[in-house]
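**Q** Taken in order, these protein sequences are the chains called A and B. Number 11 in the working numbering belongs to position 11 of the first sequence; there are no gaps in the numbering. Numbers given in the working numbering equal positions in the second sequence, counted from 1, plus 155. All C-beta atoms, glycine included, are put in the ideal place defined by N, C-alpha and C. Quick one: the structure is below, questions incoming.
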Amino acid sequence: MPTVSMKVNGVDVSGDVEARTLLVQFLRETLDMTGTHVGCDTSQCGACCVLMNGDSVKSCSVLAVQAEGAEITTIEGLANGDELHPMQDAFRQNHGLQCGFCTPGMVISAIDLVSKNPKPTEKEVREWLEGNLCRCTGYHNIVKAIQAGAQAMGG
Amino acid sequence: MYDFEYHRAASLDDAAGKLKSADDGTLVAGGMTLIPTLKLRLASPSDLIDISGLAELSGIKAEGDAVVVGAATIHAAVAASSDVRAKIPALADLAELIGDAQVRNRGTLGGSIANNDPTADYPAALLALGATIRTDHREIAADDYFEGLFETALDAGEIITQVAFPVPEKASYQKFPNPASRYALVGVFVAKGPSGVRVAVTGAGLDGVFRVTEMETALAENFSPDAIKDVSVSADGLNADIHAGADYRAHLIGVLARRAVADCT
Numbered sequence: 001m002p003t004v005s006m007k008v009n010g011v012d013v014s015g016d017v018e019a020r021t022l023l024v025q026f027l028r029e030t031l032d033m034t035g036t037h038v039g040c041d042t043s044q045c046g047a048c049c050v051l052m053n054g055d056s057v058k059s060c061s062v063l064a065v066q067a068e069g070a071e072i073t074t075i076e077g078l079a080n081g082d083e084l085h086p087m088q089d090a091f092r093q094n095h096g097l098q099c100g101f102c103t104p105g106m107v108i109s110a111i112d113l114v115s116k117n118p119k120p121t122e123k124e125v126r127e128w129l130e131g132n133l134c135r136c137t138g139y140h141n142i143v144k145a146i147q148a149g150a151q152a153m154g155g
Numbered sequence: 156m157y158d159f160e161y162h163r164a165a166s167l168d169d170a171a172g173k174l175k176s177a178d179d180g181t182l183v184a185g186g187m188t189l190i191p192t193l194k195l196r197l198a199s200p201s202d203l204i205d206i207s208g209l210a211e212l213s214g215i216k217a218e219g220d221a222v223v224v225g226a227a228t229i230h231a232a233v234a235a236s237s238d239v240r241a242k243i244p245a246l247a248d249l250a251e252l253i254g255d256a257q258v259r260n261r262g263t264l265g266g267s268i269a270n271n272d273p274t275a276d277y278p279a280a281l282l283a284l285g286a287t288i289r290t291d292h293r294e295i296a297a298d299d300y301f302e303g304l305f306e307t308a309l310d311a312g313e314i315i316t317q318v319a320f321p322v323p324e325k326a327s328y329q330k331f332p333n334p335a336s337r338y339a340l341v342g343v344f345v346a347k348g349p350s351g352v353r354v355a356v357t358g359a360g361l362d363g364v365f366r367v368t369e370m371e372t373a374l375a376e377n378f379s380p381d382a383i384k385d386v387s388v389s390a391d392g393l394n395a396d397i398h399a400g401a402d403y404r405a406h407l408i409g410v411l412a413r414r415a416v417a418d419c420t
């Protein structure tokens, strides 16, 4: 059984996994980090987004062994103690979630966007969210939250 | 997903050797098509040979009158490349329209054209620009490469290393995406370049990407949307599914081709 090692939220981790183990399974089942969600399991919904070496990826469509040596950031790695990451706080302030299931992926995806485009327009935010589905809010407040979060992050 | 042996290739030669020695091995780079396919148990290779980390397959460079893109270059890198943006902006636009941001962060040019999905975007660019596919054995002209539904001219064990795109005078890609999957319901790439005017259509053909020669002839005489407004595209040989009928796709080819000509820069 292959051994896989990576850095998750700044901590070195490793585990023995089957080659077919998905990155999201490794996070949720091996590391017990259940903040990253599995919504559709068919690469559509984006609930499973994590940052892999700084870029957002759908962790249900990446093998754990492909993340060997990578730096992974999940939703659990964003807050500083009790202090929410500015993007998390913007989602809270702007009511950018209802049931919250898609939120971990939305926040991770938003942080990737802002890292590449510090001041995204509403149109750019909406286009970027093509890979993140929300079935509650109709996106309006998510878009507002991401623009507010971008501003809070210094954009 | 059935289990398999996973190998990370150390070099192109290593990848070719591992592919040859595997019972039923397959290459993986971004895995944006392969991994969902494995999850659905539509494929069950004995071995996966990962070529995503190979530096010799990555990168974008200007080479004479062409832009050369490594096979393992992700779509996001093509979209963000200043070389591609400066020399073939339509190619950067196309890369930016593939899937979603997360797919573009993993999916690769080589993976897309090796798979030759009839609704993928890149095949239209390769055919319209008259690109050359470089492998570990030879060079293949795009005209000879796409052989039908998920079929290519690649031999078993042959590995795509680069694609050379001749820089056109002007080009544009116009796409009508399926709103759920973002694959092209119809995509039309128009290019005016060293090999004349070419109009390549993806998403619509039952056999995958194809050229519309009647439009090419009309545009060679008069490169304007008006020149092709009376060219009708037959619905014979076009896809029909729950998303769109063949007639609708035929109509879209005309609309998107005219938009592409108008947008050509």
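Could you tell me the alpha carbon to alpha carbon distance between residue 379 of chain B and residue 417 of chain B, rounded to whole angstroms?
**A** Straight-line spacing of the CA atoms in residue 379 of chain B and residue 417 of chain B works out to 7 Å.
**Q** Alpha carbons only, please: which of B/358, B/370, B/328 is nearest the one belonging to residue 247 of chain B?
**A** B/328
**Q** Taking residue 233 of chain B and residue 223 of chain B to be in contact with their CB atoms under 8 Å, please state how far apart those CB atoms are, rounded to whole angstroms.
**A** Residue 233 of chain B to residue 223 of chain B, Cβ: 12 Å. No contact.
**Q** Could you check whether the region 114-134 of chain A touches the region 252-261 of chain B, counting it as contact only if at least three pairs of C-beta atoms, one from each stretch, sit closer than 8 Å?
**A** yes
**Q** What residues in the region 246-257 of chain B bring their beta carbon closer than 8 Å to a beta carbon of chain A?
**A** Close to chain A, meaning a Cβ-Cβ distance shorter than 8 Å, are the following residues of the region 246-257 of chain B: 254, 255, 256, 257.
**Q** Are residue 261 of chain B and residue 229 of chain B close, meaning C-beta to C-beta below 9 Å?
**A** In this structure, the beta-carbon distance from residue 261 of chain B to residue 229 of chain B falls below 9 Å.
**Q** Using only the alpha-carbon positions, how far apart do residue 227 of chain B and residue 368 of chain B sit?
**A** 32 Å
**Q** By a C-beta neighbour count over all protein chains shown, 10 Å radius and 16 as the cutoff for buried, is residue 305 of chain B buried or exposed?
**A** So residue 305 of chain B counts as exposed.
**Q** Give me the residue from B/244, B/205, B/377, B/274 with the minimum Cα distance to residue 301 of chain B.
**A** B/274
**Q** Would residue 279 of chain B and residue 352 of chain B qualify as a contact pair, given that the criterion is a beta-carbon distance under 9 Å?
**A** no
**Q** Which residues of chain A have a Cβ atom closer than 8 Å to the Cβ of residue 159 of chain B, listed in chain order?
**A** 19, 20
**Q** Pick out whichever of A/147, A/8, A/97, A/19 has its Cα sitting closest to the Cα of residue 1 of chain A.
**A** A/19
**Q** Which stretch, first to last residue, makes up the alpha helix (DSSP H) that contains residue 268 of chain B?
**A** 264-270
**Q** So residue 204 of chain B and residue 235 of chain B are supposed to be a Cβ contact under 8 Å. How far apart are they, rounded?
**A** Not confirmed; about 28 Å, so no contact.
**Q** Could you check whether residue 387 of chain B and residue 405 of chain B sit closer than 9 Å to each other, using their CB atoms as the reference points?
**A** yes
**Q** Less than 7 Å between C-beta atoms, sequence neighbours within five positions excluded: which residues of the same chain meet that for residue 201 of chain B?
**A** 159, 160, 177, 178, 179, 180
**Q** Hey, which unbroken runs of the alpha helix (DSSP H) at 4 residues or more fall wholly within the region 161-203 of chain B?
**A** 167-176, 189-194
**Q** When you check each C-beta in the region 256-275 of chain B against every C-beta of chain A, which residues fall closer than 8 Å?
**A** 256, 257, 258, 260, 261
**Q** Using the C-alpha atoms, what's the distance from residue 44 of chain A back to residue 336 of chain B?
**A** 8 Å
**Q** Please identify the residue among B/320, B/392, B/412, B/313 whose C-alpha is closest to the C-alpha of residue 215 of chain B.
**A** Here the closest residue by C-alpha is B/320.
**Q** Do residue 265 of chain B and residue 318 of chain B count as a contact pair if the criterion is CB distance below 9 Å?
**A** yes
**Q** Can you tell me whether DSSP reads residue 321 of chain B as helix, strand or coil?
**A** Reduced to three states, the DSSP call for residue 321 of chain B is strand.
**Q** Please report the straight-line C-alpha distance between residue 109 of chain A and residue 93 of chain A, rounded to a whole angstrom.
**A** 18 Å
**Q** Taking the C-alpha atoms as reference points, what is the distance between residue 290 of chain B and residue 242 of chain B?
**A** 23 Å
**Q** Any beta-carbon of chain B closer than 9 Å to the one on residue 99 of chain A?
**A** no
**Q** Closest Cβ-Cβ distance between residue 115 of chain A and chain B: below 9 Å?
**A** no
**Q** Could you tell me whether any Cβ in chain A is nearer than 9 Å to the Cβ of residue 180 of chain B?
**A** no
**Q** Is any beta-carbon of chain A found at less than 9 Å from that of residue 163 of chain B?
**A** yes
**Q** Going along the chain, which residues of its own chain have a beta-carbon closer than 6 Å to the beta-carbon of residue 252 of chain B, five neighbours each way excluded?
**A** 330
**Q** If you count every other CB in all the chains shown that lies within 10 Å of the CB of residue 138 of chain A, and 16 or more means buried, which is it?
**A** exposed
**Q** At least one CB of chain A closer than 9 Å to the CB of residue 227 of chain B: is that the case?
**A** no
**Q** Could you name the residues of the same chain whose beta carbon sits closer than 6 Å to that of residue 294 of chain B, not counting the 5 residues immediately before and after it, in chain order?
**A** Only residues of its own chain outside the window of five on either side were considered, and among them 287 have a CB closer than 6 Å to the CB of residue 294 of chain B, listed in chain order.
**Q** From residue 408 of chain B to residue 121 of chain A, what distance separates their C-alpha atoms?
**A** 31 Å
**Q** With contact counted as at least three CB pairs below 8 Å, one residue from each stretch, are the region 73-91 of chain A and the region 139-152 of chain A in contact?
**A** Under the 8 Å Cβ criterion, the region 73-91 of chain A counts as touching the region 139-152 of chain A, having at least three qualifying pairs.
**Q** For a contact meaning CB atoms closer than 7 Å, what does residue 39 of chain A contact in chain B?
**A** None at all; the shortest Cβ gap to chain B is about 13 Å.
**Q** Let me know if residue 119 of chain A comes out buried or exposed under the rule of 16 or more other beta-carbons within 10 Å of its beta-carbon.
**A** Answer is exposed; the Cβ neighbour count stays below 16.
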